[in-house]
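**Q** Residue numbers (the working numbering): 4 to 353.
Even glycine gets a Cβ: it sits at the ideal position worked out from N, Cα and C.
1) Relative to the C-alpha of residue 345, which candidate in 320, 70, 206, 175 has its C-alpha closest?
2) Is residue 345 helix, strand or coil by DSSP?
3) Taking the runs of the alpha helix (DSSP H) that are 4 residues or longer, which of them lie wholly in the stretch 72 to 156?
4) For the candidate residues 342, 220, 275, whose alpha-carbon lies nearest to that of residue 170?
5) Taking one C-beta from the stretch 217 to 232 and one from the stretch 46 to 62 each time, how about it: are there three or more such pairs within less than 8 Å?
6) In angstroms with no decimal places, state the Cα-to-Cα distance between residue 319 and residue 305.
7) Identify the continuous alpha helix (DSSP H) that holds residue 294 and give its terminal residues.
8) Just to confirm before moving on: does the CB-CB distance between residue 294 and residue 241 stay below 8 Å?
9) Which ranges does the alpha helix (DSSP H) cover as unbroken runs of at least 4 residues, wholly within the stretch 204 to 266, from first to last along the chain?
10) Would residue 85 be called buried (16 or more neighbouring beta carbons within 10 Å of its own) or exposed?
11) Using DSSP bridges, identify the partner residues of residue 168.
12) Measure the alpha-carbon distance for residue 193 versus residue 209 and round it to whole angstroms.
13) For the alpha helix (DSSP H) that contains residue 274, what are its first and last residues?
14) Excluding sequence positions up to five away, which residues of its chain have a Cβ less than 7 Å from the Cβ of residue 252?
15) For residue 257 and residue 283, what's the separation of their Cα atoms in angstroms?
16) What residue range does the alpha helix (DSSP H) around residue 328 cover?
17) In this structure, does DSSP put residue 303 in helix, strand or coil?
18) At the level of alpha carbons, what is the spacing between residue 137 and residue 109?
19) Quick one: is residue 72 buried, meaning 16 or more other Cβ sit within 10 Å of its Cβ, or exposed?
20) Given a cut-off of 8 Å on the beta-carbon distance, is the pair residue 308 and residue 226 in contact?
21) Mapping the DSSP letters down to three states, classify residue 44 as helix, strand or coil.
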């Protein structure tokens with residue numbers, strides 16, 4: 004499950020632009036207008052409640068969590084260092100912005116019609132629907148013919164890229180996510196799919212994927228415009244990709260690689276507390292403080308230190324790109340692997 008990725012910005016340009024970020028006018032606060040389809044689905048809508056309980060792994064405060072004993076070695080691997088290149092560095096990058104970059108998500112009412120989805124190749128690790136409810140996913144009707152509802156911004160999903168579809172049923176507090184999503188002209192198909200009860204801390208069964216390689220939900224790990232430009236601290240970790248992984252640790256449930264020296268799926272990077280954030284624009288400070296408090300959770304193979312966020316026309320990549328590029332892998336440390344796991348982790352009922 005390797006997503007399409009934005010091209011990294013040259014470090015020199017990034018740092019040069021950073022100095023001017025703070026003088027920009029305030030960004031708009033109203034979401035871009037989207038014609039409301041007849042079924043009531045809304046892009047970037049209000050999920051209708053918290054994305055998982057306060058003690059869920061996405062929402063954990065890890066600011067005081069211990070550093071993993073192999074943190075330095077992991078950071079060296081992430082940086083691409085080798086005996087022949089011992090000073091290599093990796094810079095962070097926002098894997099989101101205006102269309103077609105980032106993840107769209109839809110919010111639907113509980114009356115949304117359910118669509119059957121066929122899953123290949125991970126059908127045996129996919130959910131046919133929400134437990135205790137009829138099979139199917141509440142896919143907005145507009146997703147068949149309009150761009151912007153599926154990652155990649157191609158109507159019906161197309162045939163290339165990760166093509167994630169994220170849908171929240173706000174009335175039943177359920178999150179439906181699919182990967183490699185496509186409307187065939189007669190039905191929906193996807194590579195895998197998962198349904199999450201947003202009131203529960205239940206994990207996927209061990210060994211199972213989700214719409215993400217690590218077996219985690221995607222939506223709660225996205226950088227969202229409304230949070231960055233809000234007034235409150237962002238209260239959750241962010242999703243991040245790395246070029247290679249090695250197994251998995253809690254809270255992940257699925258491995259997608261066995262590269263020696265690489266971080267496992269579910270590992271958490273934390274921006275060091277000593278990193279001075281005072282020179283960044285306020286929305287960027289809010290994002291980076293969340294990295295210090297809640298961290299970045301490794302959820303997929305992709306490009307090193309690409310942080311996931313929403314596809315939203317209001318993002319300004321002239322602000323985001325240089326700010327993120329000012330962070331290198333050395334500004335992070337690895338939290339002790341599996342830290343925060345309960346003695347007997349909850350499992351999803353199957």
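**A** Reading from the atomic positions:
1) 206
2) coil
3) 74 to 82
4) 220
5) yes
6) 23 Å
7) 285 to 296
8) yes
9) 228 to 231
10) exposed
11) 181
12) 21 Å
13) Run containing residue 274: none in the alpha helix (DSSP H); it sits in the beta strand (DSSP E), 271 to 274.
14) 267, 269, 270, 340, 341
15) 36 Å
16) 320 to 328
17) strand
18) 20 Å
19) exposed
20) no
21) coil
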